[in-house]
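Chains as they are written, first to last, in our numbering: chain P, 3 to 29; chain D, 28 to 125.
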């Protein structure tokens, strides 16, 4: 799956997923 | 709130009862950041409205390599603006389901 998870040393989890194309401003 | 180029949204329905909520942050306009973000994905995380500050989360995102140190303020501000909106709405509407 295209989700990746990063856990910070303080314990917080960051889950990274693709931003839906529709939400990205034109570059 | 001024457009920082960083979007922070609720990642779940907010019923106004839990102190911790899931938020999702992503960079909408990378040109507004000083450093280059590690990737252009959306970062989902849990935030405790009562115990934590946006600066805590912004610093942890930088520690985790998502953003450059020089973008700490802009990331913290983006989270702060969304948290303020959530708090304002909760104060106005209160817990929806008594």
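Every residue, glycine too, gets a C-beta built ideally from N, C-alpha and C. Predicted model, so just to flag it, every value in this text is computed and none were measured.
Residue i, enclosing beta strand (DSSP E) - first and last residue
i            : result
residue 38/D : Neither: residue 38/D is in no beta strand (DSSP E) and is coded neither H nor E.
residue 12/P : Here residue 12/P belongs to no beta strand (DSSP E), and DSSP marks it neither H nor E.
Contact under 7 Å by Cβ, residue i with residue j
i            : j             : result
residue 54/D : residue 105/D : no
Collapsed DSSP secondary structure at residue i in the structure displayed
i            : result
residue 47/D : strand
residue 87/D : helix
residue 23/P : helix
residue 71/D : strand
residue 29/P : With a pLDDT of 48 at residue 29/P, under the threshold of 50, the modelled position of that residue is not reliable, and the figure given next carries that caveat. Looking at residue 29/P - three-state DSSP - the assignment turns out to be coil, as it is neither helix nor strand.
residue 52/D : strand
Contacts of residue i in chain P (Cβ-Cβ under 9 Å)
i            : result
residue 87/D : 10, 11, 12, 14, 16
Range covered by the alpha helix (DSSP H) that runs through residue i
i            : result
residue 76/D : Unbroken run through residue 76/D: none, as it is neither H nor E.
7 Å Cβ cut-off: residues of chain P touching residue i
i            : result
residue 68/D : 18, 19, 20, 21
Cβ contact check for the stretch 106-118 of chain D and the stretch 65-79 of chain D: 3 or more pairs under 8 Å: yes
Does the pairing of the stretch 55-64 of chain D with the stretch 13-27 of chain P give three or more beta-carbon distances under 8 Å? yes
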